[in-house]
Structures are given as C-alpha cells and as structure tokens.
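*Asks:*
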Amino acid sequence: AWSAGVPQGYPELEIEKAKLSSEETGYGEEYVLNNSSCSRTNSELDPYLEVTLANYAKVYRVEVVAEAGGDSTLLDCVTIDVAGVKCQTELMAPDPGGKKQVTCNGIGRTVRITRPGEDKQLGLCGIKVFGDAVEKGQA
C-alpha cells in the first residue's frame, strides 16, 4: 500500500542535458550538471532552466542547489514542473550554497525550474531528479 509522503529511497534519474532560457556569460547551462560551478540566465521575463531526463520517468522529488553568498536569492520564488505538471508552490531560496527539495508527481522527460516575473535572474549550482523510470505511455 502507498504510504503518505514520499519514500526516501527513489533512485536518482540520469539527466541528459540542461537548457537555459538565456545564458549569462561564464555561467553556461552545462555547469549546473557538473556539480562544481553554476548556471545562470540573464535578467529577463520568466527565466528558466529545463533539464531533459535520459528516460521517461515518474518524478517524485527534485533537488536544487543554490549559489553561495548573496546569489542564493537567484532561486527565490521559483516554480518547478515536470512535463508541465507543477510540483509544489513557490519555493523560498535555500540558504547560500544549500539545497532544497520539492515533492513532485509528474510523468515525463522534462523538468523545468522557472523564476516568474519581470527582470528576474535565475541561478543554480546543481539539480538532481529522483523517481522511477517508466515505459512511455505507462501512467
């Protein structure tokens, strides 16, 4: 039987690629995946980072890692969705250099982190996606 809440044991899903809505020079989209530096957009309307998973999956949790120092606010009020299904409400920024996890319940291959609003900049230093790979077409 399903228990309430999300079990901790979901496998981490492989991320094939990351794409930013725009790219601040020196903070390219590939950096969010290498766990050593950070990806950032320019200041714009509704900036986002979208990752494509290697496999179609049921996504239960997404973890994001903030930049150190004052730039951790670049993750303030973000929304996260899986294939267009919103995960949880707006996220307050993690502590500088810290992590935040959100609970999701979507199926697909894309996970998008959006920072809604005008003249917003999005920045993050890591993303992990947890869930179960499924055959496409399985619910």
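Residue numbering for the sequence shown follows our numbering, starting at 1240 and increasing by one per position. Glycine included, every Cβ here is placed at the ideal spot set by N, Cα and C. Keep in mind that this is a model prediction, so the values were computed, not measured.
1. With a threshold of 6 Å (Cβ to nearest heavy atom), would Gly1308 be considered close to the ligand GDP?
2. For Gly1308, does the three-state DSSP call read helix, strand or coil?
3. Using only alpha-carbon positions, find the residue among Asn1274, Gly1248, Leu1363, Glu1374 that is nearest to Gly1308.
4. I need the DSSP call for Glu1302, collapsed to helix, strand or coil.
5. Can you give the Cα-Cα distance for Gln1340 and Leu1284, rounded to whole angstroms?
6. Suppose the cutoff is 6 Å on Cβ atoms and the five residues either side in sequence are ignored; what does the same chain contact list for Val1324 look like?
7. Quick one: using the 10 Å Cβ neighbour count with 16 as the cut-off for buried, is Asp1320 buried or exposed?
8. Does the beta-carbon of Pro1355 have 16 or more other beta-carbons within 10 angstroms, so that it is buried, or is it exposed?
9. Taking the alpha-carbon positions, what's the Leu1361 to Ser1276 distance?
10. Would you check if the segment 1329 to 1343 and the segment 1278 to 1294 touch, i.e. whether three or more CB-CB distances between them fall below 8 Å?
11. Might you give, ordered along the chain, the residues of its own chain that have their beta carbon closer than 6 Å to the beta carbon of Lys1367, omitting 5 neighbours on each side?
*Replies:* Short version:
1. By its list of ligands, the structure shown contains no ligand whatsoever, and the ligand GDP lies outside what it can speak to.
2. Residue mapping note: residue 1308 aligns to position 69 of the sequence shown, counting from 1. Helix at Gly1308.
3. Residue numbering aside, residue 1308 sits at position 69 when the sequence shown is read from its first letter. Out of Asn1274, Gly1248, Leu1363, Glu1374, Leu1363 has the C-alpha closest to the C-alpha of Gly1308.
4. Mapped onto the sequence shown, residue 1302 falls at position 63. If DSSP states are grouped into helix, strand and coil, Glu1302 belongs with the strands.
5. By one-based count along the sequence shown, residue 1340 stands at place 101. By one-based count along the sequence shown, residue 1284 stands at place 45. Looking at the two C-alpha atoms, the distance is approximately 24 Å.
6. Start at 1 with the first residue of the sequence shown, and residue 1324 comes out as number 85. Excluding positions up to five away in sequence, the list reads Gly1345.
7. Locating residue 1320 in the sequence shown gives position 81, counting from the first residue. Flag for Asp1320 reads buried.
8. For this step, residue 1355 is matched to residue 116 along the sequence shown. With fewer than 16 Cβ atoms within 10 Å of its Cβ, Pro1355 is classed as exposed.
9. Within the sequence shown, the letter at position 122 stands for residue 1361. Within the sequence shown, the letter at position 37 stands for residue 1276. Approximately 14 Å between the Cα atoms of the pair.
10. no
11. To locate residue 1367, count along the sequence shown from 1; it is residue 128. Cβ within range, chain order: Glu1251, Glu1302.
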